[in-house]
Amino acid sequence: MSDADRNRGADASAEADPEFLFELRTCRWAEREWPPGSDTDGDSNSRPAIVARQLGTGRRRWDTIVVEVNPDAFGQRANFGPRRLDSDLLDVIPHAPADWQYYRDALPNPGYPWRYVRESIHRADDRGILDVRKRNNRIQIRRKWAYPDWVERIVAVENKPDLDASAARNLSQQLEYDVALALADEVWVATRATGESVEPALLESVPVEAGILTVDADSRSAAVEWFPRSLDADAPGTRILERGDSGGEYGSAAARFEYADPEWKADKRLEIAERAYEKGWRSFAETMRPDCRHFQLRREGRTLLPYCGAKGCHQTSSECSGSCPEFSPEPPQWRTNGWPIEGGPGKGIRKLLEKRRERNRPG
Ligand code: SF4
């Protein structure tokens, strides 16, 4: 491939997914500075938080998630290990009794067959996070540790580096969905700082309940343009299924809504928090190809961003895959001869990102 082709590829990839790098920068900023605006009111470090990306529900995935945590309870969460508790385990672990008890007496009715609960119990036993024994042919359980109430608030951030009028219009429907459902306690839009004040017209397109944050890649700082309203995550929510059509005298299609009960919301919030706990935001290496000889991590301040030596640019997560025409596996000798980290640079990059995630966990 000629340099010209490479440069064309670089330009194209920068245009194809400019949100990816912006998203990583937003995550890094949130990890360091959360909550927004804290330095203006002397409130810094008052809300320890973990940050993750690309999480949500089947219907709605948020770009950046900030889970504000209770530091003491968060420390106790570590007893259960770095892996998430999935929804099935969350039907068991938080309800496990302090003393031995038959599992069906101890746990709330799951609403699905008990045999699946038994599977979860055995999984928890294998992970060493639940005491399990058999007495009179009955499975009894006992907790190892009380599952702590570690999640304080969940904040969703949509990243739109180029928030022009049409992007704001498209985004507004997603934000209206978030506001109506109120699964998160707060919703924000993060956009690239341009040095100009945000157009009032853009503010009008975005629901008034959503906050607006401008992120400056150069100074690695962010400014609040508009503070969000707190949403009532404990109250019933409304799922907007269809928005309807107001065309014609009586409208041509009705809007459809669905009720989301508080129990469903509480379960979903804990599932999202658990996934954020496991995943963090540096897990991008898991879906990219750090085992490609061209894969690099380039430093931007204290942030390590993926960079492709072959394309000469920050590659997107979607193009950095096994189907990339320039993918070239790292030579076997990199993995065996003299490379300081066992397994070669690709494995080393994954380990490095994993270590950073551990180091940046609050608590
Ligand atoms: S697979 Fe290799 S060549 Fe392709 S984008 Fe990723 S690092 Fe670059």
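Heads up: the sequence shown begins at 4 in the working numbering, then just goes up one per residue. Even for Gly, the Cβ is constructed at its ideal location relative to N, Cα and C. On a predicted model such as this, the values are computed, not experimentally measured, just so you know.
Straight-line gap, Tyr310 to Leu184 (C-alpha atoms, nearest Å): 38 Å
Bridge-paired residues (DSSP) for Ala226: Beta-bridge pairing by DSSP links Ala226 to Thr217.
For Arg172, count the other beta carbons within 10 Å of its own beta carbon; 16 or more makes it buried, fewer makes it exposed. Which is it? exposed
Span of the beta strand (DSSP E) holding Thr241? Gly240 to Glu245
With Asn73 and Trp148 assumed to form a contact (beta carbons below 8 Å), what rounded beta-carbon distance in angstroms separates them? That belief does not hold up - the Cβ atoms of Asn73 and Trp148 are roughly 15 Å apart, past 8 Å.
Would you grab the beta carbon distance between Ala127 and Val158 for me? Rounded to a whole angstrom, and I think it's under 8 Å. With 8 Å as the limit, Ala127 and Val158 do not qualify as a contact, their Cβ atoms being about 30 Å apart.
Report all residues from its chain with a CB closer than 7 Å to the CB of Ile344; omit the five preceding and five following residues, and keep chain order. Low local confidence applies: a pLDDT of 49 at Ile344 is under 50, so the model's placement there is unreliable, and no value is given.
If I follow the unbroken beta strand (DSSP E) through Leu307, where does it start and stop? Per DSSP, Leu307 belongs to the beta strand (DSSP E) from Thr306 to Cys311.
Mapping DSSP to helix, strand and coil, what is Val69? strand
Compare the C-alpha of Ala170 against each of Arg156, Val135 and Glu207 and name the closest. With distances taken between Cα atoms, Ala170 lies closest to Glu207.
Identify whether Ala147 lies in helix, strand or coil by the three-state DSSP scheme. Checking the sequence, you will find Lys at residue 147 rather than Ala. Collapsing the DSSP output to three states places Lys147 in coil.
Closer than 7 Å: Cys316 CB and nearest ligand 1 heavy atom: no
In angstroms, rounded to a whole number, what distance separates the CA positions of Glu329 and Phe25? 24 Å
Nearest by alpha-carbon distance to Pro334: which of Leu356, Gln177 and Phe298 is it? Phe298
Collapsed DSSP secondary structure at Asp181 in the structure displayed: helix
Is Asn139 helix, strand or coil by DSSP? For Asn139, the three-state secondary structure derived from DSSP is coil.
Other residues of its chain near Gly45: CB distance less than 7 Å, five sequence neighbours each side excluded: Because Gly45 sits at a pLDDT of 48, beneath the cut-off of 50, its placement in the model cannot be relied upon, and the following sentence gives the value as read from the coordinates. Taken in chain order, the list of residues that qualify is empty.
Take Glu71 and list the residues in its own chain whose beta-carbon comes closer than 6 Å to its own, dropping the five residues that flank it on each side. Arg50, Ala52, Glu155 and Arg156
For Asp134, does the three-state DSSP call read helix, strand or coil? Strand.
Please report the Cβ distance between Gly84 and Ile132, rounded to the nearest whole angstrom; I am assuming they are in contact, meaning their Cβ atoms lie under 8 Å. 7 Å
Which same chain residues, not among the five before or five after Arg242, have their C-beta less than 7 Å away from its C-beta? Leu184, Phe260, Glu261 and Ala263
Using the Cα positions of Ala187 and Gln318, report the straight-line distance between them to the nearest angstrom. 31 Å
Inter-stretch contact (C-beta, 8 Å, three-pair minimum) for the stretch 265-276 and the stretch 215-225: no
Since Leu88 is in the beta strand (DSSP E), which residue starts that stretch and which ends it? First-last for Leu88: undefined, no H or E at that position.
Classify Ala168 as helix, strand or coil using the three-state DSSP reduction. Per DSSP, reduced to three states, the secondary structure at Ala168 is helical.
Does the beta-carbon of Gln176 have 16 or more other beta-carbons within 10 angstroms, so that it is buried, or is it exposed? exposed
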